[in-house]
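Enquirer: So in my numbering, the last spot in the sequence shown is 209, and the numbers never skip.
Every residue gets a Cβ at the ideal spot worked out from N, C-alpha and C, and that includes glycine.
All figures in this text were calculated on a predicted structure; none of them were measured in a lab.
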Amino acid sequence: EEIVARHVAARGGAERWRALAALRLEGTYAAFSQRSDFTLVRRRGDLYRLDFALLEAPAVRARDREGVWALHKLLQPAPERISEGPYRTQMERESLFGLPLLDYGDKGISVELAGEGEVEEIPTVDLEVTFPGGQRETWRLDAESFLEVAIDSTVVDHTQSAEPVPQRAFYDDYRDVEGLVIPHQIDLEFGHRLESMTVATVEIDPELPATAFSPPPVDDPSS
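#1: Going by beta-carbon coordinates alone, are L88 and A8 separated by less than 8 Å?
#2: From which residue to which residue does the alpha helix (DSSP H) around I190 run?
#3: Round the Cβ separation of V115 and E78 to the nearest angstrom and send it over; I've been treating them as touching at under 8 Å.
#4: Excluding sequence positions up to five away, which residues of its chain have a Cβ less than 6 Å from the Cβ of I(-8)?
#5: Our contact map puts L194 next to V27 with C-beta atoms below 8 Å; I'd like the distance itself, whole angstroms only.
#6: Give me, in chain order, the residues of the same chain whose beta-carbon lies closer than 6 Å to that of S81; leave out the 5 immediate sequence neighbours on both sides.
#7: How far does the beta strand (DSSP E) with G13 in it extend, from its first residue to its last?
#8: Between L41 and F24, is the Cβ-Cβ spacing less than 8 Å?
#9: DSSP has W55 in a bridge; who is on the other side?
#10: Take Q153 as the anchor and find which of D173, E164, L166 and T75 has the nearest alpha-carbon.
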């Protein structure tokens, strides 16, 4: 409990995160040696939408009040609801609003101390985190700041394997934005792939209607 409390305090504190209603991040997404702009919006209630480009084709991962959906114009002409169990569970985890470890018990999340470790010569305190869907993650917190250095998990990526592949997410360049401490650099290593997100701007509590998270109509030529 003390380690979780210090982590939450390092990220800006429980009171500040509980007051947050919505969040918008914009920046640069990189994958397959290509870069694109991205916009990530979140709203309380686990509403979530990430717009980016993959292999120069528009792509979206999102969750609205009906569930998770995705679009990748290179592979499919229209948005699709995600029914596949592991991928749906992964996207539901991705959409969680706020700090996962804040009030974690109320969310059905369990946390266990896993001991001490090291990530790229940074001493860490490691936590085993289990989510209601059964996903297990190892959180590696900086032993001095208690900010995330890396999170180890498994993810679904059918471009590589029919089975889930290991992933390590690295977090860096933490900045205080109106009392919230937010990483501005996220690097992902999973299987044989690398992705990164570099945050340029953060908007706190933007006006985001619920419809902003819904898929466009199938016959919308701009979708």
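Expert: In short:
#1: no
#2: Segment R179 to I190 is the beta strand (DSSP E) holding I190; no alpha helix (DSSP H) there.
#3: Actually they are not in contact, since the Cβ atoms of V115 and E78 sit about 15 Å apart, beyond 8 Å.
#4: The sequence as given places Arg at residue -8; Ile does not occur at that position. Counting only Cβ-Cβ distances below 6 Å, and skipping sequence neighbours, we find F132.
#5: 6 Å
#6: D32, Y34 and R49
#7: A8 to A17
#8: no
#9: A48 and R67
#10: D173
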